[in-house]
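Engineer:
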Amino acid sequence: MKAIRQSSTNAPQAERSSRPTAALHEADLSQAWFTASELEALCLAGLPGDKRSINRRAQNERWASRLSADRKLLVRARQGRGGGNEYHFSLLPAEAQADLARRGYECLQPKEEPTASAVLWARFDAQKASAKAEAQQRLAIINEIELHCGAGATKTAAVARAAIAQGLGASTIYEWLKEIRGVPRGDWLPALATNRKGGGKKAEIDPQLWEQLKSNWLRPEEPPFSACMLRIEEIARDRGVALPSPRTLLRRLQREVPRSVQIMARKGTEALERHIPDARRSVESLHAMQVVNIDGHVFDVFVEHPNDPAKRVRPTLIAIQDVYSRKFLGWHLDLSENVYATRLAFADMFRNFGIPKVCLLDNSRTFASKALTAGAETRYRYKVNPEEPAGLLVSLQIEVRFAQIYHGQSKPIERAFRELADHIARGPECAGAYTGNSPMKKPANYGARAVPWAEFEQIVAQGIARYNARLGRKGGACKGRSCDITFAESYAVSDIRKANETQLRMALLGSQPMRLDSRTGEVKLYGNRYYSPACLEHLGAPVTVRFDPTNLHREVHVYDKAGQYIAQAELIEDRGFFDQAQAIETGKRRKEARRTVRAALDAERTLDASEIAAAQIQIEAPPRPETNIISPVRHRATVGSAALKPRPAAVPDAGEEEIIAALGAARLRIVD
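Here this note's numbering is used: the first residue of the sequence shown is 182, the next is one more, and so on.
#1: Return the CA-CA distance between Leu542 and Lys679, expressed in angstroms with no decimal places.
#2: On the three-state DSSP scale, how would you describe Cys540?
#3: Can you list, in chain order, the residues of its chain whose CB lies under 7 Å from that of Leu431, leaving out five sequence neighbours each side?
#4: Considering Glu670, what are the terminal residues of the alpha helix (DSSP H) in which it resides?
#5: Please list, in chain order, all residues of the same chain as Ala526 whose beta carbon is under 8 Å from its beta carbon, the five residues on each side excluded.
#6: Can you tell me whether Thr450 is buried or exposed, with buried defined as 16 or more other CB within 10 angstroms of its CB?
#7: Assuming Gln749 is part of the beta strand (DSSP E), what are its boundary residues?
#8: Would you mind sorting Asn649 into buried or exposed? The rule is 16 or more other CB atoms within 10 Å of its CB.
#9: Which residues mark the beginning and the end of the beta strand (DSSP E) in which Phe509 is found?
#10: Spatial neighbours of Ile605 within its chain, please: C-beta separation below 8 Å, excluding the five flanking residues on both sides.
#11: Please report the straight-line C-alpha distance between Asn681 and Ser675, rounded to a whole angstrom.
#12: Where does Met445 fall in DSSP's three states?
#13: Could you give the residue range of the alpha helix (DSSP H) that holds Phe598?
#14: Closest by CA to Thr429, which one among Ile386, Ile747, Ala417?
#15: Which residues in the same chain as Ile666 place their Cβ atom closer than 6 Å to its Cβ, once the five residues preceding and following it in sequence are excluded?
#16: DSSP state of Met695, grouped into three classes?
#17: Could you work out which residue in Leu349, Met445, Gln435, Pro388 is closest to Arg400 when comparing CA atoms only?
#18: Could you have a look at Thr216 and say whether DSSP puts it in helix, strand or coil?
#19: With DSSP as the reference, label Leu502 as helix, strand or coil.
#20: State buried or exposed for Met621, treating a residue as buried only when at least 16 other CB atoms are found within 10 Å of its CB.
#21: So which of Lys309, Leu220, Asp459 has the shortest CA-CA distance to His269?
#22: In terms of alpha-carbon separation, which member of Asp729, Val739, Phe668 lies closest to Ala703?
#23: For Gln684 and Tyr615, I'd like the C-alpha separation in whole angstroms.
#24: So Asn709 is in the alpha helix (DSSP H); what residue range does that whole segment cover?
#25: Using the DSSP secondary-structure output, state which residues sit across from Arg678 in a beta bridge.
#26: Does DSSP put Arg607 in a helix, in a strand, or in coil?
#27: Enumerated in chain order, which unbroken segments of the alpha helix (DSSP H) with a length of 4 residues or greater are wholly contained in the stretch 269-315?
#28: If we count the other Cβ atoms within 10 Å of its Cβ and call it buried at 16 or more, is Ser506 buried or exposed?
#29: Taking C-alpha atoms, which residue in Phe509, Asn626, Pro593 lies nearest to Pro609?
#30: As a quick exercise: from Trp391, Ser713, Lys705, Val340, pick the residue whose alpha carbon is nearest that of Asn324.
#31: What's the gap between the Cα of Ser311 and the Cα of Arg259?
#32: Leu411 CB to nearest chain D CB: under 8 Å?
#33: Rounded to the nearest angstrom, what separates Lys309 and Leu349 at their Cα positions?
#34: Quick check on this structure: which residue in Asn236, Pro295, Leu320 has the alpha carbon closest to the alpha carbon of Glu267?
#35: To the nearest angstrom, how far is it from the Cα of Arg342 to the Cα of Gln389?
#36: Could you check the C-alpha separation between Thr296 and Thr375 for me, to the nearest Å?
See below:
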């Protein structure tokens, strides 16, 4: 039995190394640290075959206290759930390391040492241009010497002649020849380059003063280095400590602190991001109306208020642009960025071009409002209510994607707004009304006039038309064409959904989520009441009411929670107290409702009561059952039962005591 146990522990050493395991096939060949579980799965030669034995061996051999050549521990804590330790491959026995090397692990693969030629050229590549030019001159002199020697002159004579011609010492040239001795001719140029290393001793400075100088200079206020230097000079004088020169400390600061750290500390995160290359997104795989983006732009122009010409405002443009062709598809001018103006811009696009597949917009209060994007999966604004109706874009099955706000690279329309600002706000049509793009950049004729609202709408329309028709475009897929031409070519061969009247109504009308009256089903909106008989089927249900915000006396359209159309509700106007026409109209409404409901009831109830009764099955009563069990009947102990029982014959005139005794024997009791 003992021999069998020994063979079972020693024999599988070679077999375990060749046994196929899941860890072997899915191993990370760049891995250098292993847990006990991973070593168990690898089944390496020279190691026990189970996790517990591997940990015991690590404890016995004190792996946790062993250090590498650079004085670092070769055991570290494992990151992640479960904890434990990870062991460096150098702790493993030689057999296990050889097994890892055979399996292709990079940590045990021999590293190729760079050749002498590669070292020379790498050093030459790191030199400055002046050092490289100097090496070229030395090589030219050496080549001339080699040419003279090849013509029959001695090396001494050739060196002397070159020294006189170049104004150099012969010993200098002999030093160059010593540098290329034994070096292949193709490597003479890097061998002749100077290998100057920077200079002398590092300037000494008190560590505390250095930290103060560095921390003071790396502040968002961007203090000048001279001011930071004055502060530590005062401290150094008070301590009696000498300081290096300011230029020395500045060079050290620039050398030791990375440039990226300087930018982030002194100029902020946004400045650092400007130094990082932006993503370049191609639109070659898109087509017209596949992706659109929308945003708002405030014009730097004084315009007369549409309702009060004496008041000056800066209008806001809500515009929608096609990402593929960069063409403006819809726009609306309003006093501010609001949901109503956004709906009109979408309605303009739906009416003229159709419904896009994807819409890219900001996660702002306007564009991420419930009226537009309620129900979108990636919408993280406002409180989410499962019962709220779907927004306009979600109802039309337009995929909503949110871009980074205040980030021009996220939306191509930002670039188009800058061009509109140059050609509209600064154009001759708005001369005297331009406000400047900041309070510090006001024009000399600031506030000279204000453009009438209707006139400015025409100016914006002409500016957008010129933008779409301008040739030489390089953005999107234009390639030198105009936005109109690029859009038209792709639009003609693309599958685009067209908007019907119902979808246009959804875009044009405002929406308001509410509940129908639980008793009458009427809609109560801004003090007005609206009614339709179809609302009786949805008493108290949550609905969406779409209406014209500019005319609340018109009809409204009612949709259920899922966005399905219910009915058109008409306005119920308020009348005078003695208005007979109102009473007649109310009576007609009730009579019409009764007639409609009665007709529906007659359509549903096709049988009368007599027909229903005649269709019933006649059921006969079953015969009365008879019992075959006889049980004794015992009378209760009452006066009546005692009175019915005959007296005993032995005592004809018994007294009260005898009667009580007799009744007790018969288990009866007297009730007064």
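Virtual Cβ for every residue (Gly too), placed ideally from N, Cα, C.
The structure displayed is predicted, hence computed values, not measured ones.
Structural biologist: Answer, in terms of the structure:
#1: For the purposes of this step, residue 542 is taken as the residue at position 361 of the sequence shown. For the purposes of this step, residue 679 is taken as the residue at position 498 of the sequence shown. Cα to Cα, Leu542 sits roughly 22 Å from Lys679.
#2: Here residue 540 refers to the residue found at position 359 of the sequence shown. Strand.
#3: As a first step, residue 431 is located in the sequence shown; it is residue number 250 there, counting from the start. Same-chain partners within the cutoff: Phe406.
#4: Taking the first residue of the sequence shown as 1, we reach residue 670 at position 489. Glu670 -> alpha helix (DSSP H) spans 664-672.
#5: Taking the sequence shown and counting its residues from 1, one reaches residue 526 at position 345. These residues qualify, in order along the chain: Ile475, Ile499, Ala500, Ile501, Gly511, Trp512, His513.
#6: One-based indexing of the sequence shown puts residue 450 at position 269. Exposed: under 16 other Cβ atoms inside 10 Å.
#7: As a working note, residue 749 is residue 568 in the sequence shown. Taken as a continuous stretch (DSSP letters only), the beta strand (DSSP E) holding Gln749 covers 746-753.
#8: In the sequence shown, residue 649 corresponds to position 468, counting from 1. Buried is the call here.
#9: In the sequence shown, counting from the first residue as 1, residue 509 sits at position 328. First-last of the beta strand (DSSP E) with Phe509: 509-515.
#10: Here residue 605 corresponds to residue number 424 of the sequence shown, with the count starting at 1. Contacts found: Phe480, Val482, Cys611, Ile640, Val641, Gly644.
#11: Position 500 of the sequence shown, counted from the first residue, corresponds to residue 681. Position 494 of the sequence shown, counted from the first residue, corresponds to residue 675. Going by the C-alpha atoms only, they are around 18 Å apart.
#12: Within the sequence shown, the letter at position 264 stands for residue 445. Three-state result, Met445: helix.
#13: Numbered from 1 along the sequence shown, position 417 holds the residue referred to as residue 598. Phe598 -> alpha helix (DSSP H) spans 594-601.
#14: On the sequence shown, residue 429 is found 248 positions in, with the first residue counted as 1. Comparing Cα-Cα distances from Thr429 to each of Ile386, Ile747, Ala417, the minimum goes to Ile386.
#15: In the sequence shown, the residue the question calls residue 666 occupies position 485. Correct list: empty, nothing qualifies.
#16: By 1-based counting over the sequence shown, the position of residue 695 is 514. In the structure shown, Met695 sits in a strand (DSSP, three-state: E or B).
#17: By one-based count along the sequence shown, residue 400 stands at place 219. Nearest C-alpha to Arg400: Met445.
#18: Mapped onto the sequence shown, residue 216 falls at position 35. Note: Thr216 maps to coil in three-state DSSP.
#19: For the purposes of this step, residue 502 is identified with residue 321 of the sequence shown, where counting begins at 1. A small correction: the amino acid at residue 502 is Gln; Leu does not occupy that position in the sequence shown. Three-state DSSP puts Gln502 in a strand.
#20: Position 440 of the sequence shown, counted from the start, is the residue given in the question as residue 621. Met621 comes out exposed.
#21: Within the sequence shown, the letter at position 88 stands for residue 269. The option with the nearest alpha carbon to His269 is Leu220.
#22: To locate residue 703, count along the sequence shown from 1; it is residue 522. This sequence places Glu at residue 703; Ala is not what is there. It is Val739.
#23: What you label residue 684 is simply residue 503 of the sequence shown in a count that begins at 1. What you label residue 615 is simply residue 434 of the sequence shown in a count that begins at 1. The alpha-carbon atoms of Gln684 and Tyr615 are separated by roughly 39 Å.
#24: Residue numbering aside, residue 709 sits at position 528 when the sequence shown is read from its first letter. It is not in any alpha helix (DSSP H) - Asn709 instead sits in the beta strand (DSSP E) that spans 709-712.
#25: As a working mapping, residue 678 is identified with position 497 in the sequence shown. BP columns for Arg678 point to Ile536.
#26: Residue mapping note: residue 607 aligns to position 426 of the sequence shown, counting from 1. Three-state DSSP puts Arg607 in coil, outside helix and strand.
#27: 275-283, 297-306
#28: Against the sequence shown, residue 506 aligns to sequence position 325. Looking at its Cβ environment, which holds 16 or more other Cβ atoms inside 10 Å, Ser506 is buried.
#29: Translated into positions along the sequence shown, residue 609 becomes position 428. Among Phe509, Asn626, Pro593, the Cα nearest to that of Pro609 belongs to Asn626.
#30: To locate residue 324, count along the sequence shown from 1; it is residue 143. Comparing Cα positions, the closest option is Val340.
#31: As a first step, residue 311 must be located in the sequence shown, where it is residue number 130. As a first step, residue 259 must be located in the sequence shown, where it is residue number 78. If I take the Cα positions, the gap works out to 51 Å.
#32: The structure shown contains no chain D; it is built from a single protein chain.
#33: If you number the sequence shown from 1, residue 309 lands on position 128. If you number the sequence shown from 1, residue 349 lands on position 168. Approximately 23 Å between the Cα atoms of the pair.
#34: Against the sequence shown, residue 267 aligns to sequence position 86. Here the closest residue by C-alpha is Asn236.
#35: Counting from one through the sequence shown, the residue named residue 342 turns up at place 161. Counting from one through the sequence shown, the residue named residue 389 turns up at place 208. Approximately 60 Å between the Cα atoms of the pair.
#36: In the sequence shown, the residue the question calls residue 296 occupies position 115. In the sequence shown, the residue the question calls residue 375 occupies position 194. If I take the Cα positions, the gap works out to 20 Å.
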